[in-house]
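K.L.:
Quick note, the sequence shown lines up with residues 3 to 309 if you use my numbering. Glycine included, every Cβ here is placed at the ideal spot set by N, Cα and C. There's a structure below that I have some questions on.
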Amino acid sequence: MILAPLRGVTIRCFRETFATLLREGGFTEAITPFISALPGVDPLKNEELRMRSSFFTQNSQLPVAPQFIGKDPTALRACLERVRDVGFATADLNCGCPFPMVRRKGRGSGLLRTPDVLRRLLEVGCETMGPGRFSVKARLGIDRTDELLELMPMINAFPLRFLTVHARTARQMYTGACDLEAFARIASVSKVPLVLNGDISFPPPDSPIHTFTRSPLRPTLMVGRSFVRALGEREDSGELLSRYIEVSCAELSGERPVLGRLKELIAYWKDIPRWRRLWPVIKLARTLDELRAVALTEIAPASPVGF
Ligand SMILES: Cc1cc2nc3c(=O)[nH]c(=O)nc-3n(C[C@H](O)[C@H](O)[C@H](O)COP(=O)(O)O)c2cc1C
Numbered sequence: 003m004i005l006a007p008l009r010g011v012t013i014r015c016f017r018e019t020f021a022t023l024l025r026e027g028g029f030t031e032a033i034t035p036f037i038s039a040l041p042g043v044d045p046l047k048n049e050e051l052r053m054r055s056s057f058f059t060q061n062s063q064l065p066v067a068p069q070f071i072g073k074d075p076t077a078l079r080a081c082l083e084r085v086r087d088v089g090f091a092t093a094d095l096n097c098g099c100p101f102p103m104v105r106r107k108g109r110g111s112g113l114l115r116t117p118d119v120l121r122r123l124l125e126v127g128c129e130t131m132g133p134g135r136f137s138v139k140a141r142l143g144i145d146r147t148d149e150l151l152e153l154m155p156m157i158n159a160f161p162l163r164f165l166t167v168h169a170r171t172a173r174q175m176y177t178g179a180c181d182l183e184a185f186a187r188i189a190s191v192s193k194v195p196l197v198l199n200g201d202i203s204f205p206p207p208d209s210p211i212h213t214f215t216r217s218p219l220r221p222t223l224m225v226g227r228s229f230v231r232a233l234g235e236r237e238d239s240g241e242l243l244s245r246y247i248e249v250s251c252a253e254l255s256g257e258r259p260v261l262g263r264l265k266e267l268i269a270y271w272k273d274i275p276r277w278r279r280l281w282p283v284i285k286l287a288r289t290l291d292e293l294r295a296v297a298l299t300e301i302a303p304a305s306p307v308g309f
């Protein structure tokens, strides 16, 4: 199971702080939130890829693939060379970002409408990282659920590590249901390993989607929001939060970015009964002491439990 990139949430600090829980939960690797592949911009300056030794030993971490977003093959090549040369074994291309500003500029899911550009990016990715080391994360299409399907003959020609399909169109953003039949149609023609993404419950199984994954297709799963939410459902969620606050304070300067980071996480917990009551106060907290007072004194620390 692969941890989904969630910008602002499944960031490096999150992956490091909760590495043990991620491993216990069955995750074997992660993809970073997207990093822009722009001419002249060094990806290693991005906080996601900053090398660090404090707090954590490297080998307790999930292997991670940097994800790039862009449409310029030369810039992508330069970024991939940088990450490859410092030891990242794999990398990923964002072909799924649904936001109109991104899409209309031909990046993210916009690449589904510019097959020649996509082909060049896949060539560069597979050449630079090597066969079986470059992956792609895409939507089913922009308006229709068969746009990615139509690109499969082209995609099949590349030695991709895998193709992740978030089984929605870009137009859907994050609303409506995932279309598993459209995913199955892609699976029936795909020559590259597929990863299924979108609304998969954590821990697996018991969402309808798992009936599908018991089929002979058995794609690997990519899970994002349900894992983040599951952290808030744990008895020890207050302690987890406390640890995240401390680690975040140690790496960020000033309270404001820490508060922003924490609110982004707790927003995923706002429908969980014990957090629902606290959320309106947390949302308005202006200092970490205010946030700590609510979150950590109201949630009695408990001993760690499994998922
Ligand atoms: C806040 C947020 C940020 C996201 N950031 C990224 C990103 O940087 N790259 C990417 O490929 N997908 C991104 N996604 C999409 C997720 O990786 C995933 O495809 C989507 O949330 C569906 O999976 P889930 O239902 O398991 O969360 C983001 C989604 C959300 C909600």
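Along the alpha helix (DSSP H) that carries Pro100, what are the first and last residues, could you check?
P.N.:
Premise fails: Pro100 is in no alpha helix (DSSP H) and is neither H nor E.
K.L.:
Could you tell me if the beta carbon of Arg227 falls within a distance shorter than 7 Å of some heavy atom in ligand 1?
P.N.:
yes
K.L.:
If we call anything under 8 Å between Cβ atoms a contact, is Leu243 one with Arg236?
P.N.:
no
K.L.:
Using alpha carbons as the reference points, say which of Gly200, Gly240, Ile247, Val230 lies closest to Met224.
P.N.:
Gly200
K.L.:
On the CB-based measure, 16 or more other CB atoms within 10 Å of its CB, does Asn158 come out buried or exposed?
P.N.:
exposed
K.L.:
Quick check on Met131: does DSSP put it in helix, strand or coil?
P.N.:
helix
K.L.:
Which residues bound the beta strand (DSSP E) around Pro68?
P.N.:
66–71
K.L.:
Thinking C-beta only, is Phe164 closer than 8 Å to Leu5?
P.N.:
No, the pair does not count as a contact, with Cβ atoms beyond the cut-off.
K.L.:
Please determine if the region 87–102 and the region 132–149 are in contact, where contact requires at least 3 C-beta pairs separated by less than 8 Å.
P.N.:
yes
K.L.:
From Phe36 to Thr166, what distance separates their C-alpha atoms?
P.N.:
14 Å
K.L.:
Grab the span of the beta strand (DSSP E) containing Leu254 for me, first residue to last.
P.N.:
Unbroken run through Leu254: none, as it is neither H nor E.
K.L.:
So, is the C-beta of Gly110 closer than 8 Å to a C-beta in chain B?
P.N.:
Absent from the structure is chain B; it holds one protein chain and no more.
K.L.:
Between Leu51 and Val11, how many whole angstroms is the CB-CB distance? I'm expecting something under 8 Å.
P.N.:
That belief does not hold up - the Cβ atoms of Leu51 and Val11 are roughly 17 Å apart, past 8 Å.
K.L.:
Check whether the Cβ atoms of Gly234 and Tyr270 sit closer than 8 Å, and answer yes or no.
P.N.:
yes
K.L.:
Would you say Pro7 touches ligand 1, meaning its beta carbon is less than 7 Å from a heavy atom?
P.N.:
yes
K.L.:
Considering only residues of the same chain and omitting the five flanking positions on each side of Asp145, which have a CB-CB separation below 7 Å?
P.N.:
Thr171, Arg173
K.L.:
Could you work out which residue in Pro275, Gln63, Ser62, Phe90 is closest to Gln310 when comparing CA atoms only?
P.N.:
As shown, the chain starts at 3 and ends at 309. That puts residue 310 outside it, with no answer to give.
K.L.:
Taking the beta carbon of Asp94 as the centre, do at least 16 other beta carbons fall within 10 Å, making it buried, or is it exposed?
P.N.:
buried
K.L.:
Keeping to the same chain, check which residues put their C-beta closer than 7 Å to that of Gly134; ignore five residues upstream and five downstream.
P.N.:
Pro161, Arg163
K.L.:
Going by DSSP, what residues sit across from Met175 in a beta bridge?
P.N.:
Paired residues: none, contrary to the question.
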